[in-house]
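What follows is a set of notes on a single structure, which appears directly below.
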Amino acid sequence: MSHNTGDCGDITHLGTLTSLLPAPPPIEDLKELTRSQRLFLVYTGIDARALKIELDHEYYLFMDMRHDAKWTSFSMTSRKWAVVTAEYNERLKSIDEAKNRKTTLKNPRALVDKLGEIEAIIIGRISRVIIYVCVKPLTDCIDILTTANSCPRLAKSGTETFWRKHCSVVSLSKSDPSEPGTKSVSHFPGLSFKYTQLTSKQRKAQTCGRCRQIKYPGGIGSKDNHKKQHCSDGVKPKDTTDSLPDWPQPSGVFSNSTHFHPIAFLTILREMYEKTVLNGGRDLVIDLEYVAFAKLLQTRSAMAPDGSLLFRLFESLTLSPSLPELIVIHDSKRHLRMDCLANSSPAQSSIASSSSLVASSSSSSQES
């Protein structure tokens, strides 16, 4: 999903973006709900079980797919997560049908969170094994990987074969085994480590608390590393002044941890309404970005005294373009008007002339 954040063509279509969206389909039980309430209902109605991988057969299917496709947090994108979640759900349904069980289709968030959890467990255990192997044979250290003290399921899966298989997918670094000071560990094919890094004070691999990506998989200066200032969706990983939106936000809404793009925001808002409310939410399960965006929308929405729906802006981010005609102050905070979700046709804001809007867009594009 890609959106232009500063294109002059977008700015000239602002009137279209702010126009009232079509009324939701007439459903008797939902006829009293507004457009925004129907939109939120699609997302807040997610079965809590769809957000977690908890049952044993769900877990082992995840682990097998992770191993076969060699999933790593730093190589996955929201689009890849959409594809693998669809495949995971199909395979899960087949397993459940064979056992005459009802299937709870998983949301991509469940797979993202489980991968982050598994990588943290494996990396921590491999780190301990490598430090220990300097003084003991690795065969004497297998119990470190199969101890159940930090993961209940390790007690069931704690066999040497199981963890040799799954530890081999994750590397602590992308070192070339031929480099001086690097040694391959035969018990874990595919893993190699520099002994110059193996001390009792060795730091565990760092993981971003927001997007769950391993921060430095490729070493210093690698293009595979997590950006210092922002996650892959342009949002800063930490903010002490405001709550952060869930990862991943749709492409183009945020950039460089410094800018928020209202044109892209309104475009996504319309797309999401059309794909979920107007067609019954059929894209919900496979679209990780829409789920994160819906939560952002819900947590920062407010109703103005005149009945218009507002989105509370991030005070630390620059609007690009600024769109003063759509910005209002509510409860002492800047908000963006979401007239497209109004209960009835709102009084149209005064839209500046095309020439001034284009000039504003061009200026903002240079800033960002």
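Using full-length UniProt numbering, read the sequence shown as starting at 1 and increasing by one per residue.
Cβ coordinates follow ideal geometry from the N, Cα and C atoms, glycine included.
In this chain, the alpha helix (DSSP H) harbouring Leu14 covers 14-18. Contact between the stretch 40-58 and the stretch 316-332 is not established, with fewer than three Cβ pairs separated by less than 8 Å.
Judged by DSSP in its simplified three-state form, Ser75 adopts helix.
The beta carbon of Phe260 lies closer than 8 Å to those of Val253, Phe254, Leu313, Phe314, Leu317, Thr318, Leu319, Ser320 in the same chain, with the five residues before and after it left out. Bridge pairing for Met303: Leu309 [DSSP]. Per DSSP, reduced to three states, the secondary structure at Ser257 is coil, with no helix or strand assignment. Taking a contact to require three or more Cβ pairs closer than 8 Å, the stretch 80-96 and the stretch 57-64 qualify as touching.
The Cβ neighbour count for Glu289, taken over all protein chains shown within 10 Å, is at least 16; the residue is labelled buried. At the C-beta level, Leu309 and Ala264 stay beyond 8 Å of one another. Comparing C-alpha distances from Thr103 to each of Leu111, Tyr88, Lys114 shows the shortest one belongs to Tyr88.
Rounded to whole angstroms, the Cβ separation of Pro24 and Val277 is 5 Å, and the two are in contact under 8 Å. For the 8 Å CB-CB criterion, Arg212 and Val84 do not form a contact. In the DSSP assignment, Lys238 falls outside any beta strand (DSSP E), carrying neither H nor E. DSSP places Arg270 inside the alpha helix (DSSP H), whose first and last residues are 262-276. One Cα belongs to Met63, the other to Ser19, and the distance between them is close to 46 Å.
The C-beta separation of Leu21 from Arg270 comes to about 6 Å, placing the pair in contact by the 8 Å criterion.
Straight through space, the alpha carbons of Arg38 and Leu17 are spaced by roughly 19 Å. It is roughly 35 Å from the alpha-carbon of Thr240 to the alpha-carbon of Leu105. Around the Cβ of Lys31, a 10 Å sphere holds fewer than 16 other Cβ atoms; the residue is exposed.
With a beta-carbon spacing of about 19 Å, Pro250 and Leu326 fall beyond the 8 Å limit used to define contacts.
Here Thr161 carries a helix assignment [DSSP, helix/strand/coil]. In the displayed model, Lys215 falls within coil according to three-state DSSP, outside both helix and strand. Exposure of Pro305 is indicated by the presence of fewer than 16 other C-beta atoms within 10 angstroms of its C-beta. Per DSSP, His230 is not a residue of any alpha helix (DSSP H), being assigned neither H nor E. Between Pro217 and Asp233 a beta carbon distance of about 18 Å is seen, past the 8 Å cut, so the two are scored as non-contacting.
Between Ser73 and Leu115, the gap from beta carbon to beta carbon is short of 8 Å. Relative to Thr258, the option among Glu274, Lys238, Asn279, Thr267 whose CA is nearest is Lys238.
Sequence-distant Cβ neighbours of Asp224 in its own chain, meaning closer than 8 Å and more than five residues away, are Phe74, Ser75, Lys174, Pro217, Gly218.
The DSSP-derived three-state label of Thr104 is coil. A distance below 8 Å separates the beta carbons of Lys215 and His226. Here the alpha carbons of His335 and Cys167 stand approximately 48 Å from one another.
For Ile53, the three-state secondary structure derived from DSSP is coil.
Nearest neighbour of Val291 by Cα position, chosen from Val328, Glu90, Leu61, Ala110, turns out to be Ala110. Excluding sequence positions up to five before and after Asp246, its CB lies within less than 6 Å of the CB of Ala292, Lys295, all in the same chain and listed in chain order. In this structure, Gly209 is the residue among Val42, Gly209, Met272 with its C-alpha nearest to the C-alpha of Leu244. Ranked by Cα distance from Glu90, the options Trp71, Leu61, Asp68 are led by Leu61.
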